[in-house]
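Residue numbers (the numbering used here), protein chains in the order written: chain S, 1 to 114; chain G, 1001 to 1114.
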C-alpha cells in the first residue's frame, strides 16, 4: 500500500541540526495532516492543511514548521529540537470538507533527538 | 475542540472470547466515528466506522455501536484471534468551524491470550 509515503523512515538528529520530514500522497486528497505519536500522547494532531491552507496548529512549538506547497506534498521542517521531541511523526491525508472523511496514514518517520 | 476518552487502556482476553472497547466524545455535532487498528511497528489503519444516522454497523467479527444521546460508541470484536492483538484507537471529527481531521482516543492495547 503506497497511498501515503513518508521519508525518511528513520532520522537521528542533534539538538542544533536542521532537518525536514517529507510526505507525499497519491490518493487525490486535498487535506493533509501531521500527527505526533509518543508513549504519553498516542496520536496528537499537530497541523492541518485543507486545500493547501493551514487551518489548525494546536499550539505546536515554533521549532516545528510545516509547509504544504501543493495538495500532494507536505513537509515538516525541524530545528533546534529537544530530546522530548523524539517520537513517531505520522503524515495523513483525506478529502477536505469538514466532518466525516476517513483519513489515511503514512508509515511514519521515527525521529530521535540526541 | 473535540475531546475523546477511551477505555480501557489495556484489555487482555482469552482467544475465542469477545472484546469490547468504549469511547465517549464531547461535541454533540460530531457525526462520524471511525476505529483504527495499529499493529506493532505499523501505521494506524481504519477497520470500521459508523455515521450518526445508524446505531450499529457490523463487518464479520467486528461491530461498532453508537449512542448519540449518551455520546458514546463502542467496538465489539467476537471470536478473538491472535491476529487481533494490536492497539485500537477510536476517533471523532475535530470540531471548531468544521476543521478537517480527527481527534483520537489514547488507545487500547488488546492482548489475545492463547
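For every residue, glycine included, the Cβ atom is placed at its ideal position computed from N, Cα and C.
Can you name, in chain order, every residue of its own chain whose Cβ lies under 6 Å from the Cβ of residue i, other than the five neighbours on each side?
i, result
"residue 1112 of chain G", "1015, 1080, 1082, 1084, 1085"
"residue 31 of chain S", "50, 94, 96"
"residue 1063 of chain G", "1076"
"residue 57 of chain S", "47"
Does any C-beta atom of chain G lie closer than 8 Å to the C-beta of residue i?
i, result
"residue 66 of chain S", "no"
"residue 101 of chain S", "yes"
"residue 106 of chain S", "yes"
"residue 31 of chain S", "yes"
"residue 96 of chain S", "yes"
"residue 8 of chain S", "no"
"residue 69 of chain S", "no"
"residue 90 of chain S", "yes"
So, is the C-beta of residue i closer than 8 Å to a C-beta in chain S?
i, result
"residue 1089 of chain G", "yes"
"residue 1024 of chain G", "no"
"residue 1046 of chain G", "yes"
Tell me, which residues are paired with residue i by DSSP?
i, result
"residue 103 of chain S", "In the DSSP output, where bridge partners are listed per residue, residue 103 of chain S has none listed."
"residue 93 of chain S", "S/32, S/104"
"residue 1020 of chain G", "G/1076"
"residue 1058 of chain G", "G/1063"
"residue 59 of chain S", "For residue 59 of chain S, which the question treats as bridged, DSSP gives no partner whatsoever."
"residue 992 of chain G", "The structure shown does not extend to residue 992 of chain G, since chain G is modelled only from 1001 through 1114, so no value can be given for it."
"residue 1049 of chain G", "G/1034"
"residue 1086 of chain G", "G/1110"
"residue 22 of chain S", "S/7, S/75"
Going by other Cβ atoms of all chains shown within 10 Å of its Cβ, with 16 needed for buried, is residue i buried or exposed?
i, result
"residue 15 of chain S", "exposed"
"residue 1069 of chain G", "exposed"
Closer than 7 Å by C-beta to residue i: which residues in its own chain qualify, once you throw out the five before and the five after it? Chain order, please.
i, result
"residue 24 of chain S", "5, 72, 73"
"residue 9 of chain S", "107, 109, 110"
"residue 1097 of chain G", "Low per-residue confidence applies at residue 1097 of chain G: pLDDT is 44, beneath 50, and the placement is therefore not dependable enough to give any value."
Under 7 Å from any heavy atom of the ligand ATP, does the C-beta of residue i make it?
i, result
"residue 1054 of chain G", "Among the components modelled here there is no ligand, and therefore nothing to report on the ligand ATP."
Apart from the five residues on each side of it in sequence, which residues of its chain come closer than 8 Å, Cβ to Cβ, to residue i?
i, result
"residue 1107 of chain G", "1006, 1009, 1038, 1087, 1088, 1089"
Compile a chain-ordered list of the residues in the region 44-67 of chain S whose CB is closer than 7 Å to at least one CB of chain G.
Correct list: 45, 48, 50, 55, 56.
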